[in-house]
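Numbering (my numbering), first residue to last: 151 to 363. C-beta: ideal position from N, C-alpha, C; glycine also. Just so you know, these numbers come straight off a predicted model, no measurement behind them. Right, one structure below, let's go through it.
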């Protein structure tokens, strides 16, 4: 969708979901959406049996999900939990606006907020902590987009994501057991950030989500 575009989704709409039982009018704005005239940020709407995912990654989009559609045979897999991959660390502030590559043609606007340092199997590691500069992303959000020696072997080739949790004393929890695959590991229709070159780790992070099967 383009900013300013109005789309009717549902029975008899521009996107005709005849069995939805209703219709929504969705307008794309600079900072989100208006649904039937009410301001709305990115998120999920219900329309009969369908789920409408409002996304504002580079450009506004409405993704239609049908829970009753045929399912892929892919199922998530995880490494066993290993406390050796959980770290309590301080953020080394180093704010800089950046552009992350994506699995689509457009880059994703982001801010590299700083760096986290930790040690795995005696090897010092350093990764950039990033915040996507997109509607609906909280101001205190921190993520690590990374690749490692398992990428393309035991884990998803593009890389994995990790949401960072705050901890006492201004520190943060970096727990790679919670690393997860981007949505494009399950469907090619998603626009997923590509891990930056500085987050290509030369070690194997055998924690978190593995390649789905």
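Mind checking whether residue 228 and residue 348 have CB atoms under 8 angstroms apart?
-> A distance of 8 angstroms or more separates the beta carbons of residue 228 and residue 348.
Can you name, in chain order, every residue of its own chain whose Cβ lies under 6 angstroms from the Cβ of residue 291, other than the five neighbours on each side?
-> When the five nearest sequence neighbours on each side are left out, the beta carbons in the same chain lying within less than 6 angstroms of the beta carbon of residue 291 are those of 281, in order along the chain.
Cα-Cα separation, residue 382 to residue 259 = No answer is possible for residue 382: the residues shown for the chain start at 151 and end at 363.
Residue from 186, 218, 209 and 210 whose Cα sits closest to the Cα of residue 200 = Minimum Cα distance to residue 200 is reached at 218.
Whose CA, out of 273, 257 and 363, lies closest to the CA of residue 304?
-> Cα-wise, what sits closest to residue 304 is 363.
Residue 294, enclosing beta strand (DSSP E) - first and last residue = In the DSSP annotation of this structure, the continuous segment of the beta strand (DSSP E) that includes residue 294 starts and ends at 293 to 296.
Would you report the Cα separation of residue 293 and residue 312, rounded to the nearest angstrom?
-> In a straight line, the C-alpha of residue 293 is about 6 angstroms away from that of residue 312.
Opening and closing residue of the beta strand (DSSP E) in which residue 284 lies = Boundaries cannot be given for residue 284, as no beta strand (DSSP E) includes it and DSSP labels it neither H nor E.
To the nearest angstrom, how far is it from the Cα of residue 194 to the Cα of residue 169?
-> Distance between the alpha carbons of residue 194 and residue 169: 19 angstroms.
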